[in-house]
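Trainee: For reference, the structure I am asking about is given below.
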Amino acid sequence: MKIYPIFLLFLFFTVYCFAQDSLGYKVSRVNAINIDGVEVLAVDTGLEDYELYDPIMPDRTSYAYNLGNLGLPTQSLLFNPITATGFSMGYHQFDAYLFSENNLRYYNSYYPYTEIKYVLGGDAEQIIEARHTQNVRPNWNFGVHYRRITSPGYYLRQKSGHHNFALTQKYSTRDKRYEIWGSLGLNSAKAEQNGGAAIDSFFGNPSYVTRNLVPVQLNSALSQRNNKFVSFKQYLNFGDKQKVQINDSTSYEVIEPKFKLFHQFKYDTRFYAFKDFDSLPFIPFYANGDLDSLYSIDSTRQRNINNEVGFVFLNRKDSSVVNTFHLSLSHDYHTINQNYWSTLFYTGVTRKYFVSNVGLNFRFGNKEAQQRKFKYGIDGYYCFAGYNQGDYKALGSLAFEISPQMGEVSLDLSQQQRSPDFIANNFISSYFEWNNDFSSTQSTQYEVQYVNDEYKARLRYKGTILSNYIYWDNTYQPKQELSNISINQISLQKDFEFGVFGLNNFVIYQQVNSTVINIPEFVFRHSVYAHGFLFKKAMRFRTGVNVYYNTDFFVNEYMPVTGQFAVQNTSMLIQEPRLDVFVNLRIKRVRVFVLYQNLTQGLVHNGFYAFPDYPFPDAKIKLGLNWKFFD
């Protein structure tokens, strides 16, 4: 039965094997950049890593687990501290599934461009994604991006649902004197919380072959996150005028910017909620909390208004940017309402907070310049007034290309002081309450990297020193570690090709001198594949096996009330190797993948846990489709 869908898929594509590959020219005519004007990958037509559909593991150098189902809270197994500047609420469990101003794309498209993605998995798991952009005028582009993720899960109370929607537009006057970039985004996330399995050792038990028969710890818990944002960034450009010739008798002038004045405005609302109307599991599951209710209705509402003004100086030579200098002043204003309903006292409890920050942003370097053998950059931030007063970040980077054959060496150094996440200091709910006064955390990071594209190799060492690190302990409450923590990471990425066969490898070693950070010592990801063409080069294929493995370690627990992963050092989870078999195909504008996940279940193991009490998803087949339209 499981092979039947694959057979139909191959039959379908055999019928269409007369198509020819003609993507190249039109792909190059669709360009994408981010809000800072830096070019990003716009249109991907390759088959490498195409089967990596999950937002939490979008590429081979990422490694993360969810709570056992697509769309549920997630945590990375690779240590990477939060380095964002400014105010932070502290809810990050759904970040991988969200659209944000920083990850949106702004286009310049010579053709109307549309992309449709669809992924179908077992038990009605689906990802639907659509993107469209076009230039309604030569100097005015708009884009639409929509994504929906739904997955009922195999176990009870595992359903997840995410909706993401974004509009973007980029406009400039004909002479490029004035530009305005704008975006609007909507995010909605709902995830049932089952607290994990209520029994042990059900793997391989024929009584629980149907996973929805496994009892769970929470029977009505639900997490929710909503987010809406609108932003625009406008530039006034100054510089030399260049003549653009339309024909023999018609021309016009455009400005080649050397100096830019800009203003950016953002308005953002966020809503976080946790609800549980079943009072039976409260005492055992929330035993470490201070019970003030027979059921839970907890929520936090946050509103933010941000304004930033500044200028950008571009040093040019022969129409190319040699280096840039950026200086800006930003102001943040947040209103926060924390609420819960007490059924013991029949009243609602609300706390209101008002937070304001004023900060200075600085950037200088030539990292965005093209064809430069030596690149450098200096980035800085300092908050001199408000809730985050005293926060700063300084980052310096150097990169030198030895030669195209010998590759590039780079060095990055950073120092940061960061105020605690808001909920680490201030939190109320039906079961937990605290008012802390944690000190700011400090982090020092240094990274050395060698990249050789010709030999497809990347070697990196990254060291991190943390002071006053804030973590969540086994009582599910925040604590501050006063001793310094040192983390060392060495990673190697190397790809091999032998004719039509290939082997991609990613290995990372992680060493930490503290018990308040739980990460595996070794993480391995390998891909063995064959690639080539079929049917007189009408069909391109890539097929193989992805291998995932990490060493055993003390995996963190999850507390749905706070949305945080808490440290536990009593139960080490056994990690099992995982194999995913994939077939990727492309005919002209259509790409398809067939993926059989967790093939080792039933062969090497009967199952294992991603997090304490949360089983890793069972073996399943996934089908994916990607279709691009350029006219």
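Throughout the sequence shown, residue numbering follows the working numbering, covering 140 to 770 in sequence. Don't be surprised by glycine CBs; every beta carbon is placed ideally from N, CA and C.
Work out the CA separation of Val383 and Pro212 for me, nearest whole Å.
Mentor: If I take the Cα positions, the gap works out to 52 Å.
Trainee: If you draw a straight line from the alpha carbon of Phe452 to that of Tyr293, how long is it in whole angstroms?
Mentor: Cα to Cα, the separation comes out at about 55 Å.
Trainee: Which residues in the same chain have their Cβ closer than 6 Å to the Cβ of Asn644, if we skip the five residues on either side of it in sequence?
Mentor: Taken in chain order, the residues that qualify are Lys633 and His665.
Trainee: In whole angstroms, give me the CA-to-CA distance for Phe747 and Val706.
Mentor: Roughly 19 Å between the two C-alpha positions.
Trainee: Around the Cβ of Tyr246, are there at least 16 other Cβ atoms within 10 angstroms (buried) or fewer (exposed)?
Mentor: Burial call: buried.
Trainee: In this structure, what does DSSP give as the bridge partners for Pro754?
Mentor: Partner(s): Tyr748.
Trainee: State the Cα-Cα distance for the pair Leu738 and Gln528, rounded to the nearest angstrom.
Mentor: Going from the Cα of Leu738 to the Cα of Gln528 covers about 52 Å.
Trainee: I'd like the span of the beta strand (DSSP E) that includes Asn652, first residue to last.
Mentor: Counting along the chain, Asn652 falls outside any beta strand (DSSP E), and DSSP gives it neither H nor E.
Trainee: Could you tell me the distance, in whole angstroms, from the CA atom of Asn333 to the CA atom of Gly300?
Mentor: Answer to the nearest angstrom: the Cα atoms are 15 Å apart.
Trainee: Does any residue of chain D bring its CB to less than 8 Å from the CB of Leu550?
Mentor: Going by chain labels, chain D is absent from the structure shown, which holds only one protein chain.
Trainee: Decide if Lys767 is buried, meaning its Cβ has at least 16 other Cβ atoms within 10 Å, or exposed.
Mentor: With 16 or more other Cβ atoms within 10 Å, it is buried.
Trainee: Can you look up Ala563 in the DSSP assignment and give me helix, strand or coil?
Mentor: Helix, per DSSP.
Trainee: With a threshold of 8 Å, are at least 3 pairs of Cβ atoms found where one atom belongs to the region 577-586 and the other to the region 600-609?
Mentor: Yes, they touch.
Trainee: Could you spell out the range, first to last residue, of the beta strand (DSSP E) harbouring Tyr192?
Mentor: From DSSP, Tyr192 is part of no beta strand (DSSP E); its letter is neither H nor E.
Trainee: Return the Cβ separation of Tyr192 and Ile266 in integer angstroms, given the expectation that the two are a contact with Cβ distance under 8 Å.
Mentor: Contact flag correct, Cβ pair sits at about 7 Å.
Trainee: Report yes if the C-beta distance between Val393 and Lys315 is below 8 Å; otherwise report no.
Mentor: Cβ atoms of Val393 and Lys315: closer than 8 Å.
Trainee: Buried or exposed for Phe493, going by 16 or more other Cβ atoms inside 10 Å?
Mentor: Counting Cβ neighbours within 10 Å, Phe493 comes out exposed, since fewer than 16 surround it.
Trainee: Let me make sure I understand the geometry here. Which of Ser362, Phe424 and Ile726 has the alpha-carbon closest to that of Arg679?
Mentor: Cα-wise, what sits closest to Arg679 is Ile726.
Trainee: Using a Cβ-Cβ cut-off of 6 Å (strictly less than) and excluding sequence neighbours within five positions of Val776, which residues of its own chain qualify?
Mentor: Since the first residue shown for the chain is 140 and the last is 770, residue 776 is missing from the structure and cannot be characterised.
Trainee: From the DSSP output, in three-state form, read off Leu487 for me.
Mentor: At residue 487 the sequence reads Gly, which differs from the Leu that was named. Gly487: strand per DSSP, three-state reduction.
Trainee: Based on Cα-Cα distance, which residue from Phe637, Asp437 and Asn623 lies nearest to Ala412?
Mentor: When each option's Cα is compared against that of Ala412, the closest is Asp437.
Trainee: State the CB to CB distance for the pair Thr682 and Phe721, rounded to an integer number of angstroms; the pair is presumed to be in contact (CB under 8 Å).
Mentor: Contact holds; Cβ gap of about 7 Å.
Trainee: Would you mind giving the Cβ-Cβ distance between Phe501 and Gly519, rounded to the nearest angstrom? I have them listed as a contact below 8 Å.
Mentor: Right, the Cβ-Cβ distance comes to about 4 Å (below 8 Å), so this counts as a contact.
Trainee: Where does the unbroken beta strand (DSSP E) through Tyr555 begin, and where does it stop?
Mentor: Reading off the sequence shown, one finds Gln at residue 555, where the question assumed Tyr. From DSSP, the beta strand (DSSP E) with Gln555 extends over Gly546 to Arg557.
Trainee: Could you please give me the residues that DSSP links to Lys329 through a beta bridge?
Mentor: Lys329 is bridged to Gly300 and Gln363.
Trainee: From the DSSP output, which residues share a beta bridge with Asn695?
Mentor: DSSP, once it has assigned bridges, lists no residue as partnering Asn695.
Trainee: Cβ atoms of Ser558 and Ser579: under 8 Å apart, would you say?
Mentor: Yes, the pair counts as a contact, with Cβ atoms nearer than the cut-off.
Trainee: Can the beta-carbon of Ser582 be found less than 8 Å from the beta-carbon of Leu552?
Mentor: Cβ atoms of Ser582 and Leu552: not closer than 8 Å.
Trainee: Grab the span of the beta strand (DSSP E) containing Lys399 for me, first residue to last.
Mentor: First-last of the beta strand (DSSP E) with Lys399: Ser390 to Asp415.
Trainee: Using 10 angstroms around the beta-carbon of Pro277, count the other beta-carbons present and answer buried if the total reaches 16, otherwise exposed.
Mentor: Answer is exposed; the Cβ neighbour count stays below 16.
Trainee: Check the DSSP bridge columns for Ile626 and list the partner residues they point to.
Mentor: DSSP lists Thr603 and Val651 as partners of Ile626.
Trainee: Can you pull the DSSP bridge partners for Ile338?
Mentor: Answer by DSSP bridge pairing: none, since Ile338 is not bridged.
Trainee: By DSSP's criteria, Ser579 is part of a beta bridge. Which residues make up the other side?
Mentor: Per DSSP, none; premise fails for Ser579.
Trainee: Can you tell me which of the three DSSP states Pro345 falls into?
Mentor: Helix, per DSSP.
Trainee: Relative to the C-alpha of Gln308, which candidate in Thr349, Ser370 and Ala337 has its C-alpha closest?
Mentor: It is Ser370.
Trainee: Exposed or buried, which one is Thr780 when buried takes at least 16 other CB atoms within 10 Å?
Mentor: This structure leaves residue 780 out entirely; the chain is present only between 140 and 770.
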